[in-house]
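Q: The structure's right below; bear with me while I get my questions together.
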Amino acid sequence: METLSIRKLTPTEHNAWDKYVDTHPQGSFFHLSGWLDVIQSVFGHRHHYMLAEQDKQVVGVLPLFEQKSWLFGHSLVSTPFCVYGGALADSDSVREKLEEAAYELGCDLKVDYVELRDRNPVESKGPWVTHSHHTSFGCTLPDDPEQILTAIKRKQRAVIRHAQKNALSWDNSDNPAECFDLYSESVRNLGTPVFSDKLFTSLKQQFGEQCETLIIRDHAQTPVSGVLSFYYKGEVLPYYGGGTLDARDLKSNDFMYFQLMQLAHQKGIRQFDFGRSKNDSGSYKYKKHWGMEETPLNYRVALVKAQALPNLSPNNPKYRYFIQLWQKLPLSLSRRLGPLLSKYLG
């Protein structure tokens, strides 16, 4: 048997990489090689995708990106702008070799830290420290579509029924530009810098039918809520969602996520992944009202140059005044300035 080799992914090996992700039980949408092209082209970050090979066969993969900013620091992350990441491997020993290689690369690059966004618990050795303050929410959609609503928690069910009386309509034809406009307004209102609008169009171009937008309109056909979702391995993940200030009174976000469940069910999808939320945040509390299963996420960090674990959370007190200032920016200005900052907040 040949010895294990770990090296950087070459441009001709994307198909082999994706085939491995597709067949690995822990392989997620965020492990796919398409993110390499999206993140490089939209944000300009350098990739370090690691491939483990033995007997000319792929036995492990680890997607990594280097982010370097004078304001937010220097890191190596698997994977920025994604909720899941970390190494996939045929065995724990191969996974540990990949993680060891990632740490050594971080030392060579003189980063502040290396972060692995594992979805499931992984036994930590060496420099890795658990660093997770997020929870993911999800549920299995009932076989009978008529039971989708009844499976939702009672109070949230009442909100959806209220929304259904507000003359809302939906449209799931491809419209990443309109979806981005809604999302950017939503995050400005939260005081968060928005990504470049190129992200949504790039994701759609890269992943095709695995990426879909859903727009909700009011009685006057004005867009009020929108979400960009990913489909992979029988699961739907609403990823970038938001709405206008009118969305709250119209309950259009609630209407939107319920409609997405129905559309996913029609496609034969049975798993609904509501994504991650910072523990005890507004988003966390909102998702909790739906009554879905909660799963703590298992991120790990290895410090290299940094003396303490990173805290880029909007809940960090040192960002409070920045958030308040950002909320007051004109929407057009927030869209111009946002990409300059958000590219380092993945």
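655 is the number of the first residue of the sequence shown in my numbering; add one for each residue after it.
Don't be surprised by glycine CBs; every beta carbon is placed ideally from N, CA and C.
Computed from a prediction, not measured in an experiment: that's the story for all the values here.
Run through the DSSP bridge pairs and tell me what Ala743 is partnered with.
A: Gly714
Q: Quick one, which of Glu758, Gly936, Gln708, Leu763 has its alpha-carbon nearest Gly727's?
A: Residue Leu763 is the option with its Cα nearest to Gly727.
Q: If you draw a straight line from the alpha carbon of Gly688 to that of Gln860, how long is it in whole angstroms?
A: Gln860 has its alpha-carbon roughly 6 Å from the corresponding atom of Gly688.
Q: Please state whether DSSP places Asp825 in a helix, a strand or coil.
A: Three-state DSSP puts Asp825 in a strand.
Q: In the structure shown, what three-state DSSP assignment does Phe849 receive?
A: coil
Q: On the criterion of 16 or more Cβ atoms from any shown chain inside 10 Å, does Glu800 qualify as buried, or is it exposed?
A: exposed
Q: Taking the straight line between their C-alpha atoms, what separation do you get for Cys761 and Val958?
A: 6 Å
Q: Are the stretch 698 to 718 and the stretch 978 to 987 in contact at 8 Å, needing three or more beta carbon pairs?
A: no
Q: Considering only DSSP beta bridges, list what Glu947 is partnered with.
A: Gly792
Q: Report the rounded CA-to-CA distance for Asp654 versus Thr664, giving the unit in angstroms.
A: A query on residue 654 cannot be resolved here, the shown segment of the chain reaching from 655 to 1000 and no further.
Q: According to DSSP, Val783 sits in a beta bridge with which residue or residues?
A: Per DSSP, the beta-bridge partners of Val783 are Val955.
Q: For Tyr938, which option in Ala918, Met915, Val748, Phe791 has the closest C-alpha, if you only look at C-alpha atoms?
A: Phe791
Q: Between Trp782 and the rest of its own chain, which residues show a CB-CB distance below 6 Å, the 5 nearest in sequence each way excluded?
A: The residues are Arg954, Ala956.
Q: Pull up the distance between the alpha-carbon of Asp934 and that of Phe735, whole angstroms please.
A: 21 Å
Q: Using DSSP with H/G/I as helix, E/B as strand and the rest coil, what is Val881?
A: strand
Q: Just to confirm before moving on: does the CB-CB distance between Gly945 and Leu891 stay below 9 Å?
A: no
Q: So for Ser687, helix, strand or coil by DSSP?
A: coil
Q: Which value, in whole angstroms, describes the spacing of the CA atoms of Leu951 and Asp872?
A: Distance between the alpha carbons of Leu951 and Asp872: 36 Å.
Q: State the Cα-Cα distance for the pair Asp851 and Pro984, rounded to the nearest angstrom.
A: 17 Å
Q: Looking at the structure shown, is Val737 part of a helix, part of a strand, or coil, going by DSSP?
A: coil
Q: Return the first residue and the last residue of the alpha helix (DSSP H) that Ala706 is part of.
A: No alpha helix (DSSP H) holds Ala706; the beta strand (DSSP E) holding it covers 704 to 708.
Q: Grab the span of the beta strand (DSSP E) containing His728 for me, first residue to last.
A: 727 to 732
Q: Evaluate Lys997 with the Cβ neighbour count: other Cβ atoms within 10 Å of its Cβ, from every protein chain shown; 16 or more gives buried, anything less gives exposed.
A: buried
Q: For the beta strand (DSSP E) holding Pro892, just list the boundary residues, first then last.
A: 889 to 897
Q: Who are Lys932's beta bridge partners in DSSP?
A: His788
Q: Which term fits Gly780, buried or exposed, when burial requires 16 or more other beta carbons within 10 angstroms of its beta carbon?
A: With fewer than 16 other Cβ atoms within 10 Å, it is exposed.
Q: Looking at Phe683 and His894, is the spacing between their C-beta atoms short of 9 Å?
A: In the sequence as presented, His is not what sits at residue 894; that position holds Tyr. No.
Q: Going by C-alpha to C-alpha distance, which of Tyr757, Ser879, Arg661 sits closest to Asp903?
A: Comparing Cα-Cα distances from Asp903 to each of Tyr757, Ser879, Arg661, the minimum goes to Ser879.
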